[in-house]
């Protein structure tokens, strides 16, 4: 089982459909949403994030791919792990 899901909404093609299909059932799996700053991406994601705010983190913008890679811990892994502690409090690492 996945510890968390990461979805980049910068240039979504099938991602909106996939998120709408799987997010309602992920209740104990954090979903990290990313988007390149300045891109429009998937506009309805705010509704999805609000409806499932317990496990879907707000969209996090990143300035460029290089920065995202260099700061993957603070942009993705750290927030996902913190949310995981809330969603699966009895799970041992």
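Residue numbers (this note's numbering): 15 to 107.
Just so you know, even glycine gets a beta-carbon here, dropped at the ideal spot from N, CA and C.
Bear in mind that the values here come from a model prediction, so they are computed numbers and not experimental data.
Reduced DSSP secondary structure (H/G/I, E/B, other) of residue i
i: residue 25; result: coil
Buried versus exposed, by CB contacts within 10 Å (16 or more), residue i
i: residue 21; result: buried
i: residue 43; result: buried
Of the listed residues the options, nearest to residue i (C-alpha basis)
i: residue 52; options: 101, 24, 94, 45; result: 24
i: residue 18; options: 79, 70, 80, 82; result: 70
i: residue 37; options: 98, 63, 72; result: 63
i: residue 30; options: 82, 55, 99, 83; result: 55
i: residue 45; options: 96, 103, 104; result: 96
For this session: Can you check the segment 74-104 for any alpha helix (DSSP H) of at least 4 residues that lies completely inside it and give the ranges in chain order?
Result: 79-84, 92-101
Exercise. Where are the beta strand (DSSP E) runs, 3 residues long or more, that stay fully inside the segment 34-62, in chain order?
Worked result: 45-50
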